[in-house]
Every structure is written in C-alpha cells, then in structure tokens.
Amino acid sequence: MSLFPVRAALLVAALALALGPSPAGAIESPSYTAYFEGKYLTALKLAEAEAAQGSKEAYTLMGEIYAEGLGVAQDLNKAADAYAKAADLGDPNAEFSLGTFVAEGRGVKKDLRLAADLFEKAAQSGHASAQYNLALIYLNGNGRPSDEAKAAEWMQKAAEQGLAPAEYDLGALYQFGRGVPIDKAKAAEWTGRAAEGGLAEAQVEYGVMLFKGEGVPVDEARAAKLFRLSAEQGNPVAQNRLARLYANGVGVKADPVQAAKWHLLARTA
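In my numbering, the protein residues as written are 1 to 269.
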C-alpha cells in the first residue's frame, strides 16, 4: 500500500472536487423538469420566477446553471450569489456548492474557515460529499484545527452513504491508524467497497491487499481482476502490475503478448 502522505496529498487535491448530488435531487418543479430535459435557458427563466417566490432549490439551480455555463455564459459571480441566497435559506446542496466555491476562491474571496462552516452545515443535513470534505478539512487542518478523530468520524459518515472516495480514504485511516485504531480488516473492507464502486486507485490498493493477505484471505485471481479493471481505467500502477502478472503467470494464465501490451501502456501513461 502506498505511504499515507501520498494519500493525504491526494485528499487535499480532492477537496473542492468532491461530487455532490445532482442539484435537483428528488425536486419536482417546472424549472427542474426543463433542466433535466436539457432546456437550460428555459430552466433558468423558470428558476428565476420560482426564486422570486422564495424557492431555495430554484436559487441552487440558478447557481448550477451559471457555474457550468449551461445555456448561458459561465458567470462564477452570479453562481456564487445564487448559491449564497439558497444557502441562506438552508439548502444543503447550495451550502456544499458554495463551500467548494469559497474553498477555491471561485466567484468569491477564498476563505477556508467559511468553507468549513458551509461544509459542516451541509454535512449535518446528511450531504455525503460535504461530510467528506469536512473530514478532509479536519484531517489536514485547513480551515479548522487538525482533529483526526473528527476527520475519521465524518469520513465514516460519508463512507456509509457509499461515497467511493470516502470509502477509500476511510480504509487508509484504518490502515495507518489516523483518528482510529489500526485495523487491517476494516482497512481492507472499506478499500474493497471503494474498489467495488469503480475507484481505480482503490482497485489497485485492494488488489495488493488480496495478494499479500492484508486484512483479507489471499486471492491472486481476484487481485488480478481488480488490477485489470484499474488498468483499463488508465491507472499506470495497475497496468505495470498487470504486465508482471501476465509475464509470470500469477493470478492469470501467462501471456507474453498481454504482458508487453500492459508494460508499454504503463510506460507511456
């Protein structure tokens, strides 16, 4: 397994990129109907009317449209303003989205403390990606004092909702004993869940665990399948490992052609 400082650097990089749920969720309104039909300009006009009537979800939709430049020119200032209005009305999706804007300084002044506050509000409402970002903030001490126990607590909440990056990182916390006691079995369990969710990095890590028998029984064939899945997503580490498996006939039938293919892909990645 890779050293945790490498994983920690990845977590920092992922802070403002964690994906939240669709702004629509289960909302039913003319603006959201138009949005999902790809009629973005119509959706914006309808959302403006709904927002004038006090709809927080409409403000959130306006923020999404301006943030992504859907049917209109991208305008991060307007997006941030719309998200702020929705957040003031208590919409968790807007709190999360505004938090990412504030964390990055997109359309607003960068303020990690405010970003942490916004993520926490959304996290308290059960927003998985906000829980994940809040965990990263506590883990790295950006916007809040470093607190690995709280980081693990929020990471667990996000992971339990099936958020693959949170599952993967929770596995790392258990692997290295950050905020929780070292537990190889739980590390393998959560890394495995992330691998099942299609996360390429987790597929590599879990494959290594299966090869070494770290927290799970040794299963070379299953590990090889995971390396293959990760390699097909373009992960060079997985491609290199898969090449060696084919070269040596470990977990798979020896195949020099496949070995050469994956070795070349790994070198040129």
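All C-beta atoms, glycine included, are put in the ideal place defined by N, C-alpha and C. These figures come from a predicted structure and were not determined experimentally.
Do L226 and V204 have their C-beta atoms closer together than 9 Å?
yes
How far does the alpha helix (DSSP H) with S97 in it extend, from its first residue to its last?
P92 to E104
Just how far apart, CA to CA, sit R267 and A254?
20 Å
Can you tell me whether N133 is buried or exposed? The criterion is at least 16 other CB atoms within 10 Å of its CB, across all chains shown.
buried
Distance check for L245 and H127, CA to CA, integer angstroms please.
41 Å
Beta-carbon separation (whole angstroms), A269 vs G251, contact threshold 8 Å
Not really, about 21 Å apart at Cβ, beyond 8 Å.
State the CB to CB distance for the pair E148 and G179, rounded to an integer number of angstroms; the pair is presumed to be in contact (CB under 8 Å).
3 Å
Counting only runs that start and end within the region 192 to 232, where is the alpha helix (DSSP H) found for 4 or more residues in a row?
200 to 212 and 220 to 232
Other residues of its chain near Y83: CB distance less than 6 Å, five sequence neighbours each side excluded:
G63, A94, S97 and L98
Select from A259, P30, L242 and Q156 the residue whose C-alpha is nearest the C-alpha of A47.
P30
Tell me, to the nearest whole angstrom, how far the beta carbon of E201 is from that of Y168; I am working on the premise that it is less than 8 Å.
6 Å
Which first and last residues belong to the alpha helix (DSSP H) in which S265 is found?
A small correction: the amino acid at residue 265 is Leu; Ser does not occupy that position in the sequence shown. Unbroken alpha helix (DSSP H) run through L265: P256 to T268.
Report the option in D91, G90, I65 and D88 whose CA atom is closest to the CA atom of A79.
I65
Between the Cα of D75 and those of V108, A152 and A86, spot the shortest distance and give me the residue it belongs to.
V108
Unbroken alpha helix (DSSP H) run spanning P165, endpoints:
A164 to F176
So, with DSSP's three-state summary, where would you put G249?
coil
Could you pull the start and end residues of the alpha helix (DSSP H) that G63 belongs to?
K56 to E68
Short check: CB of L118 to CB of A87, under 9 Å?
yes
Count the other CB atoms within 10 Å of the CB of E68; is the residue buried (16 or more) or exposed (fewer)?
exposed
DSSP three-state label for R272, please.
Outside the displayed span of the chain (1 to 269) sits residue 272, for which this structure offers no information.
Rounded to a whole number of angstroms, what is the C-alpha to C-alpha distance between F4 and A172?
Residue placement at F4 is poorly supported in this model, since its pLDDT is 40, which falls under 50; the coordinates are not used for a value here.
Assign A24 to one of two classes, buried (16 or more other C-beta atoms within 10 Å of its C-beta) or exposed (fewer than that).
Bear in mind that a pLDDT of 44 at A24, under 50, signals an unreliable position, so the model cannot answer this.
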